[in-house]
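*Asks:* Take 10 as the starting number for the sequence shown in my numbering and just add one per residue. Glycine residues also receive a C-beta, built at the ideal position from the N, C-alpha and C atoms. This one's a predicted model, so the numbers in the text were calculated from it and none came from an experiment.
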Amino acid sequence: MTPQEKKALLLRVVTKLAAQQLENGGLTPFGATLGSKREVQLLVPDRIKPDATLEELDAYWTRELRQAAAKGDCDTVCTCIHVGMQTEEGISVPALLIHIEQADAFSEDILYPYEKGEGSEVVFSEPTTEAAEYQIFVPS
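Here is the structure:
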């Protein structure tokens with residue numbers, strides 16, 4: 010698989026899981042790894058405080074994902090958290106923030122704004138992507 014194919018696969022799994030959680034009342038921040046045989050391993054925190062700051066979440070996930078990547082045969086990882094964002098019109102909307110890294114290929118932050126439709130189903134808007142600093146796979 011190419012790095013972009015790995016990214017697409019991991020994002021499909023992560024956004025599907027996040028949508029299910031949001032439809033059922035809320036999102037617990039989580040991480041995920043993609044192994045060499047296309048297996049996705051989810052990492053659910055066992056000790057993140059409810060009012061954790063973005064910096065605390067980054068430190069936690071950096072540690073946990075580095076350990077998971079070292080144990081398994083994976084070179085693509087991500088984290089998923091719930092955030093609020095401002096639209097260009099100044100309106101606050103809910104969103105997912107996914108930080109995804111592929112060793113030696115890319116490190117990106119992807120923001121998925123969403124709204125809940127009829128029956129509480131989550132409908133994602135077009136995501137925005139920007140390059141981000143590596144946190145898990147520090148390039149050599």
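Cutting at 7 Å between CB atoms, please list the residues of its own chain near E130, excluding the five before and the five after it.
*Replies:* E32
*Asks:* Do the segment 88-108 and the segment 121-137 meet, that is, are 3 or more Cβ pairs less than 8 Å apart?
*Replies:* Counting Cβ pairs under 8 Å, three or more are found: they touch.
*Asks:* Given a threshold of 16 other Cβ atoms within 10 Å of its Cβ, counted over all protein chains shown, does V86 qualify as buried or as exposed?
*Replies:* buried
*Asks:* Would you mind giving the Cβ-Cβ distance between L120 and T137, rounded to the nearest angstrom? I have them listed as a contact below 8 Å.
*Replies:* 5 Å
*Asks:* Would you report the Cα separation of Y69 and E127, rounded to the nearest angstrom?
*Replies:* 35 Å
*Asks:* For L51, which residues from the same chain have a beta carbon less than 8 Å from its beta carbon, with the 5 sequence-adjacent residues on both sides left out?
*Replies:* L26, F39, G40 and A41
*Asks:* With T37 and V53 assumed to form a contact (beta carbons below 8 Å), what rounded beta-carbon distance in angstroms separates them?
*Replies:* 7 Å
*Asks:* When the Cα atoms are used, what is the spatial distance from E98 to E124?
*Replies:* 16 Å
*Asks:* Could you tell me which residues DSSP puts in a beta bridge with E139?
*Replies:* D118
*Asks:* If I measure Cβ to Cβ from F115 and keep anything under 7 Å in the same chain, skipping five residues before and after, which residues do I get?
*Replies:* P12
*Asks:* Going by the DSSP bridge assignment, what does E124 pair with across the sheet?
*Replies:* V132
*Asks:* Three-state secondary structure (DSSP) at P103?
*Replies:* strand
*Asks:* Skipping 5 residues on each side, what residues in its chain have a beta carbon closer than 6 Å to that of T88?
*Replies:* G40, W70 and H108
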